[in-house]
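Step one of this worksheet: look at the structure below.
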Ligand SMILES: Nc1ncnc2c1ncn2[C@@H]1O[C@H](COP(=O)(O)OP(=O)(O)OP(=O)(O)O)[C@@H](O)[C@H]1O
Ligand SMILES: [Mg+2]
Ligand SMILES: [Zn+2]
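Residue numbers (the working numbering): 18 to 329.
What follows is the structure, given as structure tokens:
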């Protein structure tokens, strides 16, 4: 069975995309061509580093579609897409990130259009559409939580889940809604064992209606899949950054000021998607050797959420 490189649902034949999914990502019926192979792309990424309006540790390339939408082109300015190749150090990161983003949708988290893209040599890369640009070239203001906290970039790991909640209370237009969304995102990130949810991986976006909301999510990966012993979360929660238990999530829900019913429902929803998530992992483009590992990770974390669930 072949999965669609956008939605990770089966396609009816051996094609790697649904036409509707290509439409959603590129506004085109066929995959835009991209003329680079992995080696060339690394060179472009190295040239682009520091010149792009997006930061981050990983190599990335800014892209735009040609006017007829048949080609993806490297774009130093006004790019509408970000492409992340596989980094030398971590195998299958594009597949891991894309899968993590798709898994997030199972608990209702909003993701920007994104998908996998093969280079000329067949290498798989990850492409995400920018949520802060319009087709007409307008830019919507975005501030990440490191900026909101007025911390220098080097302090991006120096924070807590509670700090993020306070930032939302201070800066989001509708804090009660955004704090709920943040809770769900953090819980999901922990569930896939993403140890890299630091302050620059959350942002507030000012939308055309003038309201400041959490941006669609980005940079979700299961870091534990690539660094097996990594169980440390980037931000502390209740003063701790590892071995969180169900009761810690309940306590954090309380800190967030969320109704207990809502917190219980979000935890229950996280637990409930395990079978569907496992199916998605199985059909995904992750190498077979990593699939069971990923299922073991989410199964273990699901068990933590279920444990002593009766008491609450
Ligand atoms: N879809 C998007 N639309 C707009 N901006 C984005 C999008 N995805 C990422 N960004 C911005 O680009 C920055 C870098 O992207 P991302 O976090 O995916 O890269 P990274 O190199 O993996 O980061 P890290 O340093 O966390 O490892 C983000 O902090 C965010 O500000
Ligand atoms: Mg990042
Ligand atoms: Zn699809």
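Each residue gets a CB set at the ideal place from its N, CA and C atoms; glycine is no exception.
Check: Given 8 Å, three or more beta-carbon pairs between the region 100 to 111 and the region 232 to 252; Outcome: yes
Check: Beta-carbon spacing of residue 92, residue 100 below 8 Å; Outcome: no
Check: Ordered list of alpha helix (DSSP H) runs contained in the region 37 to 106, each at least 4 residues; Outcome: 55 to 65
Check: Sufficient close CB pairs (3 or more, under 8 Å) joining the region 161 to 172 to the region 204 to 220; Outcome: yes
Check: Where the alpha helix (DSSP H) containing residue 131 begins and where it ends; Outcome: Taken as a continuous stretch (DSSP letters only), residue 131 belongs to no alpha helix (DSSP H), being part of the beta strand (DSSP E) at 131 to 135.
Check: Residues near residue 265 in its chain [Cβ-Cβ closer than 8 Å; skip 5 each side]; Outcome: 254, 255 and 257
Check: Reduced DSSP secondary structure (H/G/I, E/B, other) of residue 32; Outcome: coil
Check: Element boundaries [beta strand (DSSP E), containing residue 220]; Outcome: 220 to 223
Check: Residue 131 beta carbon near ligand 3 (any heavy atom closer than 7 Å); Outcome: no
Check: Counterpart residues of residue 177 in DSSP-defined beta bridges; Outcome: 253
Check: Under 8 Å between C-beta atoms of residue 42 and residue 102; Outcome: no
Check: Rounded C-alpha distance that separates residue 198 from residue 185; Outcome: 11 Å
Check: Of the listed residues 203, 267 and 125, nearest to residue 239 (C-alpha basis); Outcome: 203
Check: Closer than 7 Å: residue 74 CB and nearest ligand 1 heavy atom; Outcome: yes
Check: Cβ pair residue 52, residue 187 closer than 8 Å; Outcome: no
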